[in-house]
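Single-structure report; data block below.
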Amino acid sequence: MADHSSAVAEHNPNLRHHFDTMEQQFDSATLGMWVFLLTEIMFFGGMFCAYMIYRNMYPAAFASTSKHMEPFWGATNTLVLIVSSLTMALAVRAARLGQQKALQILLLLTIFFGLCFLGVKGVEYHQHWVDKNVPLIAGHWDYSNSEEFPNQAQYAKQAQILFCFYFFMTGFHALHMVVGVALMLTIFFMARRGKFNASYFTPVEISGLYWHFVDIVWIFLFPLLYLIGRTKEMM
Amino acid sequence: MHSAPSVRTLVLVWLTLTIMTIVTFEVSKIEMGEWNIVVALLIAFFKMMLVILIFMNVRSESPLTKLFVGAGFFWMVLLLGQVAIDYISRSWMPEGKMW
Chain A
1 MADHSSAVAE HNPNLRHHFD TMEQQFDSAT LGMWVFLLTE IMFFGGMFCA YMIYRNMYPA
61 AFASTSKHME PFWGATNTLV LIVSSLTMAL AVRAARLGQQ KALQILLLLT IFFGLCFLGV
121 KGVEYHQHWV DKNVPLIAGH WDYSNSEEFP NQAQYAKQAQ ILFCFYFFMT GFHALHMVVG
181 VALMLTIFFM ARRGKFNASY FTPVEISGLY WHFVDIVWIF LFPLLYLIGR TKEMM
Chain C
236 MHSAPSVRTL VLVWLTLTIM TIVTFEVSKI EMGEWNIVVA LLIAFFKMML VILIFMNVRS
296 ESPLTKLFVG AGFFWMVLLL GQVAIDYISR SWMPEGKMW
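Line by line, the protein sequences are chains A and C.
Heads up: the first sequence begins at 1 in the working numbering, then just goes up one per residue.
Heads up: the second sequence begins at 236 in the working numbering, then just goes up one per residue.
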């Protein structure tokens, strides 16, 4: 830190020299984070758009793939992510108020729920692996008729595309969760070293924005991948 | 800096999100034809707005940040809307029906 001139009576050590006030610095950081999140919206938006088209192109095949999804796990994971968003929002609040102990506990809870989500996702992926619903991997794709799901063989090729969507969309989402957990660990250790106080908590705030964004992506993935076509009977 | 939402508000939002998740889970069991997707997406949209406005606290951000968030929405509407219009108007959908 450079020598502070006495002209600035109360210079916050966390205020970078190119900002006038802490308020301005905070607003700039938040805006910058939102610009990043906009690129993320474009990233996931492209996949959602392609999904929309293929879903309309092969509705019957898609209805058949819905039978292989387990809405219970999807709903469980939605609830887990929503709780993690609550602990994240409470963590940001604690940081704002300078409550260091609460901040650290809430960050650990957020990490815990994030890991729970990934665990459930792992259980689901394992089930798809066992059920031979993994396209593009030799020996793990078999969409022939079964007693449980008759007449599905006719959709084998189209279903392959749709399972690709499933794995790419949930896979990229899970990757964002892994990054989120790493981010929260970083913030946690920063908090433990006493980096934050009531006048400076920007990293907590913008990491929180990222965490909530990943939650929002799942809020849309859940109905689109698990719930639609639940009532459809096999043709 | 901007005001933080109270613990009460945050917990209420969490409760609403949880209830909406259970509602969308149960409603999806009812056969409503094409309305299933509409209802599911409306509930998802409502949940997203709660997360953005309260959890992400966009409600009390600067107007410039709000403008950027709005731009994100606008971009998604352009992407999904224009592509859908193209496919529908050219009859590129072999089975003809939306959802």
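Note that beta-carbon positions come from the ideal geometry of N, C-alpha and C, so glycine has one too.
Among V120/A, W73/A, P71/A and T87/A, nearest to E205/A - alpha-carbon criterion: For the purposes of this step, residue 205/A is identified with residue 205 of the first sequence, where counting begins at 1. The residue with the shortest Cα to Cα distance from E205/A is T87/A.
Our contact map puts L162/A next to F26/A with C-beta atoms below 8 Å; I'd like the distance itself, whole angstroms only. By 1-based counting over the first sequence, the position of residue 162/A is 162. By 1-based counting over the first sequence, the position of residue 26/A is 26. So it is not a contact: roughly 44 Å between Cβ atoms.
Residues of chain A with a CB under 8 Å from the CB of G305/C: which are they? The sequence position of residue 305/C within the second sequence is 70, counting from 1. For G305/C, there are no C-beta contacts with chain A under 8 Å, since the nearest C-beta of that chain is about 10 Å from it.
Which residues in chain A have a C-beta closer than 8 Å to the C-beta of V318/C? List them in chain order. Taking the second sequence and counting its residues from 1, one reaches residue 318/C at position 83. When 8 Å is used as the limit between beta carbons, V318/C is near these residues of chain A: C49, M52 and I53, in chain order.
For the region 275 to 303 of chain C, list every residue whose C-beta sits within 9 Å of some C-beta in chain A, in sequence order. Here the close residues are A275, L276, I278, A279, F280, K282, M283, V286, I287, I289, F290, M291, N292, V293, E296, S297, L299, T300 and F303.
How big is the Cα-Cα spacing for T78/A and H17/A? Translated into the one-based positions of the first sequence, residue 78/A becomes position 78. Translated into the one-based positions of the first sequence, residue 17/A becomes position 17. Near 42 Å, if we compare the C-alpha coordinates of H17/A and T78/A.
Kindly indicate the opening and closing residues of the alpha helix (DSSP H) around R16/A. Numbered from 1 along the first sequence, position 16 holds the residue referred to as residue 16/A. That residue, R16/A, is in no alpha helix (DSSP H); it is neither H nor E in DSSP.
If we count the other Cβ atoms within 10 Å of its Cβ and call it buried at 16 or more, is R192/A buried or exposed? Here residue 192/A is taken as the residue at index 192 of the first sequence, counted from 1. Residue burial is scored here from C-beta neighbours: R192/A has fewer than 16 other C-beta atoms within 10 angstroms and is therefore classed as exposed.
With which residues is N133/A paired in a DSSP beta bridge? The count along the first sequence starts at 1 and reaches residue 133/A at position 133. W141/A.
Check this for me: beta carbons of G208/A and F303/C, under 9 Å apart or not? For the purposes of this step, residue 208/A is taken as residue 208 along the first sequence, with counting starting at 1. For the purposes of this step, residue 303/C is taken as residue 68 along the second sequence, with counting starting at 1. No. Outside cutoff.
Evaluate E269/C with the Cβ neighbour count: other Cβ atoms within 10 Å of its Cβ, from every protein chain shown; 16 or more gives buried, anything less gives exposed. Within the second sequence, the letter at position 34 stands for residue 269/C. Its Cβ having fewer than 16 others within 10 Å, E269/C is exposed.
Where N292/C sits in the DSSP three-state scheme: As a position in the second sequence, residue 292/C is number 57, starting the count at 1. In the structure shown, the three-state DSSP call for N292/C is coil.
Closer than 7 Å, Cβ to Cβ, to anything on chain C: give me those residues from the region 212 to 223 of chain A, in chain order. Residues of the region 212 to 223 of chain A whose Cβ lies closer than 7 Å to any Cβ of chain C, in chain order: H212, D215, I216, I219, F220 and P223.
Does the distance between the C-beta of L118/A and the nearest non-hydrogen atom of the ligand SAM fall short of 8 Å? Absence of the ligand SAM from the depicted structure is noted, as is the absence of any ligand whatsoever, leaving it without description.
With 9 Å set as the bound, which would you pick, yes or no: does the beta-carbon of D20/A sit closer than that to a beta-carbon of chain C? Position 20 of the first sequence, counting from 1, holds the residue named residue 20/A. Among the CB atoms of chain C, none fall inside 9 Å of the CB of D20/A.
Please state whether DSSP places N197/A in a helix, a strand or coil. Walking along the first sequence from the start, residue 197/A turns up at place 197. Residue state, collapsed to three classes: strand.
Output, in chain order, the set of chain A residues within a Cβ distance shorter than 9 Å of I265/C. Residue numbering aside, residue 265/C sits at position 30 when the second sequence is read from its first letter. Those are T231, listed as they occur along chain A.
Just verifying my parser: in three-state terms, what is the DSSP assignment at K157/A? Mapped onto the first sequence, residue 157/A falls at position 157. In the displayed model, K157/A falls within a helix according to three-state DSSP.
Output, in sequence order along the chain, the residues in the region 24 to 45 of chain A whose CB is closer than 8 Å to any CB in chain C. Residues of the region 24 to 45 of chain A with a Cβ closer than 8 Å to any Cβ of chain C, in chain order: F26, D27, T30, L31, W34, V35, L37, L38, I41, M42 and G45.
For A191/A, which three-state DSSP category applies? Numbered from 1 along the first sequence, position 191 holds the residue referred to as residue 191/A. Residue state, collapsed to three classes: helix.
Consider the Cβ of P203/A: report whether some Cβ of chain C lies at a distance smaller than 9 Å. Start at 1 with the first residue of the first sequence, and residue 203/A comes out as number 203. It does not; no Cβ of chain C falls within 9 Å.
Assign M234/A to buried or exposed, taking buried as 16 or more other Cβ atoms, counted over all protein chains shown, within 10 Å of its Cβ. Residue numbering aside, residue 234/A sits at position 234 when the first sequence is read from its first letter. With a pLDDT of 39 at M234/A, under the threshold of 50, the predicted position of this residue should be treated as unreliable, and no value is reported.
Give the DSSP-derived three-state secondary structure of S64/A in the structure shown. Residue 64/A sits at position 64 when you count from the first residue of the first sequence. If DSSP states are grouped into helix, strand and coil, S64/A belongs with the helices.
I'd like the span of the alpha helix (DSSP H) that includes A319/C, first residue to last. One-based indexing of the second sequence puts residue 319/C at position 84. Its alpha helix (DSSP H) spans residues P298 to S324.
Contact with chain C by T251/A, beta-carbon distance below 9 Å: Given a span of 1 to 235 for chain A in the structure shown, any question on residue 251/A remains unanswerable.
Chain-ordered chain C contacts of R93/A [CB-CB under 9 Å]: In the first sequence, the residue the question calls residue 93/A occupies position 93. In chain order: A239, P240, S241, V242 and L245.
Skipping 5 residues on each side, what residues in its chain have a beta carbon closer than 6 Å to that of E296/C? Translated into positions along the second sequence, residue 296/C becomes position 61. Nothing listed; no residue qualifies.
Alpha carbons only, please: which of E40/A, A89/A, Q152/A and G139/A is nearest the one belonging to N344/C? The displayed coordinates of chain C run from 236 to 334. Any statement about residue 344/C would go beyond what the structure contains.
Can you tell me which of I53/A, R96/A, Q24/A and A50/A puts its alpha carbon nearest to the alpha carbon of S241/C? Mapped onto the second sequence, residue 241/C falls at position 6. The candidate whose alpha carbon is nearest that of S241/C is R96/A.
Close Cβ partners of L115/A (< 7 Å) along its chain, the five nearest in sequence each way excluded: Reading the first sequence from its first residue, position 115 is the one you call residue 115/A. These residues qualify, in order along the chain: V181.
Please state whether DSSP places E269/C in a helix, a strand or coil. As a first step, residue 269/C is located in the second sequence; it is residue number 34 there, counting from the start. DSSP places E269/C in coil when its eight states are reduced to three.
Just checking my contact of Q158/A with Y58/A at CB under 8 Å: how many whole Å lie between their CB atoms? Here residue 158/A is taken as the residue at index 158 of the first sequence, counted from 1. Here residue 58/A is taken as the residue at index 58 of the first sequence, counted from 1. Yes, they are in contact, since the Cβ atoms of Q158/A and Y58/A sit about 4 Å apart, within 8 Å.
Using the Cβ count rule (16 or more neighbours within 10 Å means buried), how would you classify V178/A? Mapped onto the first sequence, residue 178/A falls at position 178. Its Cβ having fewer than 16 others within 10 Å, V178/A is exposed.
Per-residue contacts from T236/A into chain C (C-beta, under 7 Å): Nothing can be reported for residue 236/A, as the shown portion of chain A is limited to 1 through 235.
For I228/A, return the contacting residues in chain C, with the cut-off set at a CB-CB distance below 7 Å. Within the first sequence, residue 228/A is the residue found at index 228, counting from 1. N271, I272 and A275, listed in chain order.
Could you check what DSSP says for I371/C in three-state terms: helix, strand or coil? Beyond the ends of chain C as shown, which are 236 and 334, falls residue 371/C; an answer cannot be given.
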